[in-house]
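What follows is a set of notes on a single structure, which appears directly below.
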Amino acid sequence: MKVKYTAFLCFLLFLALPVFATHVAVLETTGATGVLSLEEKQYLTDVLRSEAVKILPAEQNYTIMTRENISMMLPPGKAIEDCEGSCLVETGKNISADYVTQGHVGRFANNLTITVELYETAGNKLMGSFSSKAPNIEALEVEIRQKSNELFSRIIVSSFGKIDLRPVLNKNMGLESDLEIKIDGENSKNGRKYTRGIWETSPGSHEIEFTHHCYEPQKFKINVLTGKTVNINNTMEPLMGTISLTTNYKNAFREVPVSVNATVVGKTPFTGRVPLCGKIEVGEESFKEVVPLVWNEKKQLEITHSLQKAKPTIEEMRMDSLSAAEQMAKQMAAEAAAKDALAKEKRSKIAKPISITLMVLGLAGIGAGIYENMVGEDEREKYDDANFNNESDFKKQWDKVESAKTLRNIFYGVGGGLIGAGAIVFFVF
Amino acid sequence: MLFVLLFVGLVSAAVASPSAEPLQTSARISLPQTIQDSLPWFAVFELQNENRPFTRNHLNELAKKSERVALVYFATWCIPCREGLKQISENADKIAKSKTGIILVNVGEREKDKIEDFLKQFSLDTIKTVVDPYGRLTEGLGLIKGGESIDLPRTIILDNTSKPQLMIGAEGKDYIEILIGEIKK
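Quick note, the sequences are listed as chains V and R, same order. To convert a position in the first sequence, counted from 1, into the working numbering, add 1320. To convert a position in the second sequence, counted from 1, into the working numbering, add 371.
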């Protein structure tokens, strides 16, 4: 656990950049009279100071103020030992120290005790403290060395600032995921890719870089102060290219509005600067089509876009209405013809058997007429050959001839009529 | 005709604009009670050598070697302060010959790079500069009360015993003459 903690602190120290020095004052250890000698108390102060130097190295711009410097900066007549508790913060301000720490020794039963406090001057607050007891001063020294590490580490942790990264992209242009953020040339921290949001960092100057294939890259320096957050909400400027755009519809030029990100910017033929990742549309409202852009290195494009659809012109509307009427007439005629054909077919389906039946009946009538004619001729031969005994027989025979003749005529008439009717039904329907 | 009149009016306004030129005379500000006789104790650090303290004792030593010392307060964000710094830069030789010591006092800032870059613009980065993050040279001298912000620019001119002589606000054309003692109180 301690190794991990130390590694984390080393990492933080590595990140820290030189800014105006952070001054840490280790004031003289105080104590009740007779507990420890002045030399012993000074020795314990030196132990604390040396631990502070270990944790807060000069390379990282931490300055542990020397005893001489502190004495030099204290108001005349005031000794380091004169101050305790909340007065420490005031002393810190007076000597321009950013952090002040002081130990106080005492005695508890047979043990020596020490309480070490760390104050932040700017915030007027107690950053941390520890208390230890030991049977003798050597053991107390060991305690101090063990516990001061964590105490002074609080200065490093509290020395961090934050960067709130919120570059502003146009919601219509480019994906958020394509935005690359770098801090001091790195695009990640502890394996975590820098993204929009708040990031903790060491105080001092940092270089921020925003890149996105749709926007002008941005690179600038910021200064992070301890405990402060730097808000970055720069608006990203879109990268621009030049297009010469014309539009055809049905192989002829058609003037249509040109929109960039839903804002009409002109009409075709259009030449102008547009965002590389902008949405270029052509066409009237509800006839809009997106023009795909594949940019070259020069960022210049000449595009002839063939419209799939277009709002009709007045001439087209007139032509369209004429042709529509023509079309409709043709359709109606075709429909009527089809209807007729259907009716005819329907009729012929009924008429054919009727006409055939009529003709068959007619033929049967003609046949019957022929038969009656033959009967009549036989009867006439009988009439011509016969020698009638009386008038009654003569008349009877003649009636037979006449009857056959009449029947013949009737059958011929009916048969002919039926055949004619059948022919009419066949041909007419 | 109207255009010509408008143009003439604009040109006149630009020429008469007070921001285009420094004031004729520097603004005098009365010394606060706390520093009328002497400066209270203070201790700050130098910008150029962050571990070197600069206290009232150091100021006294500097004053003894000079005819007078000027504490010139500034901050990188202070636009009016630039006029005074510019005049100091342009008259560096004159100031040196007059044995006037200049101490630049940065008010409340901690960004060393920023302060140094700012001073480099005026070629003043070699002038002794102190940083005062805890208001030892403002609140500590009684120029402001606790929690207040100091109005800049400010210049306190001390004699060779470190006794404050006068305090200046916005610098005018006579600023350098006042600094080098050619214009007295």
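A virtual CB, placed ideally from N, CA and C, is assigned to each residue, including glycine. Model, not experiment: these values are computed from the prediction.
Taking the CA atoms as reference points, R:L475 sits about 53 Å from V:T1562. Setting aside the 5 residues that flank it on each side, V:T1342 is surrounded in the same chain by Y1382 and D1418, each with a C-beta closer than 6 Å to its C-beta; the list follows chain order.
Below 8 Å, too few C-beta pairs join the segment 416 to 429 of chain R and the segment 446 to 454 of chain R to call them touching: fewer than three. Taking the beta carbon of V:T1383 as reference, the chain R residues within 8 Å of it are E421 and N422, listed in sequence order.
Take the alpha-carbon of V:V1409 and the one of R:R399: they are about 35 Å apart. Annotation: the continuous beta strand (DSSP E) that includes V:A1345 extends over T1342 to V1346.
Chain-order list of chain V residues neighbouring R:K457: empty, with the shortest C-beta distance near 24 Å, by a criterion of under 8 Å. Sorting V:S1391, V:F1749 and V:V1367 by C-alpha distance to the C-alpha of V:P1673 places V:F1749 at the top. Our two residues, V:G1598 and V:G1511, have alpha carbons roughly 33 Å apart in a direct line. When only Cα atoms are considered, R:I473 and R:T497 end up about 11 Å apart.
Excluding its 5 nearest sequence neighbours in each direction, V:V1602 has C-beta neighbours in its own chain below 8 Å: L1565, T1567, V1576, P1577, V1578, S1579, T1588, K1608, E1609, V1611, H1625 and L1627, listed in chain order. With its beta carbon at least 8 Å from every one in chain R, V:T1549 lies outside the interface. By the rule that beta-carbons nearer than 8 Å mark a contact, R:D484 touches chain V. Contact between V:E1500 and V:N1507 holds: their C-beta atoms lie close to 6 Å from each other, under 8 Å.
Sixteen is the threshold: since fewer than 16 other Cβ atoms of the shown chains lie within 10 Å of the Cβ of V:G1586, the residue is exposed. At a cut-off of 8 Å, the C-beta of R:A414 has a neighbouring C-beta in chain V. Every beta strand (DSSP E) of 3 residues or more that sits fully in the segment 1457 to 1490 of chain V is shown, in chain order, as 1481 to 1485. The three-state reading of DSSP puts R:D484 in helix, counting H, G and I together.
Collapsing the DSSP output to three states places V:Y1535 in a strand.
Going by DSSP, V:T1726 is part of the alpha helix (DSSP H) stretching over E1711 to V1748. V:V1425 and V:I1464 have their C-alpha atoms some 11 Å from each other. Distance from the Cα of V:L1368 is smallest, within the candidate group V:G1689, V:M1385 and V:S1357, for V:M1385. Non-local C-beta neighbours of V:E1529 in its own chain, meaning closer than 6 Å and more than five positions away in sequence, comprise K1502 and K1539, ordered along the chain. Residue range Y1419 to F1428 is occupied by the beta strand (DSSP E) that includes V:R1427. Residues of chain V whose Cβ lies closer than 7 Å to the Cβ of R:T532 do not exist, since the nearest Cβ in that chain is about 17 Å away.
Counting the other Cβ atoms within 10 Å of the Cβ of V:M1393 gives 16 or more, which makes it buried. Contact annotation: R:K491 and V:N1543 have beta-carbon atoms that are not nearer than 8 Å. When only Cα atoms are considered, V:E1697 and V:N1707 end up about 17 Å apart. Bridge partners of V:F1450 according to DSSP: V:V1436. Going by DSSP, V:T1383 is part of the beta strand (DSSP E) stretching over Y1382 to M1385.
For chain V, the residues of the segment 465 to 495 of chain R that bring a beta carbon within less than 7 Å of one of its beta carbons are R481, E482, K483, D484 and K485, in chain order.
Close CB contacts of V:G1351 within its chain, under the 8 Å cut and outside five residues either way in sequence, are with K1361, H1424, V1425 and G1426 (chain order). If you check the CB distance, V:N1469 and V:E1371 come in under 8 Å. Within the same chain, Cβ atoms closer than 7 Å to the Cβ of V:E1557 are found at Y1535 and E1536, the five residues on either side in sequence being excluded. Not flagged as an interface residue toward chain V: R:T500, since no C-beta distance is shorter than 8 Å. By the criterion of at least three beta-carbon pairs nearer than 8 Å, the segment 462 to 469 of chain R is not in contact with the segment 506 to 522 of chain R.
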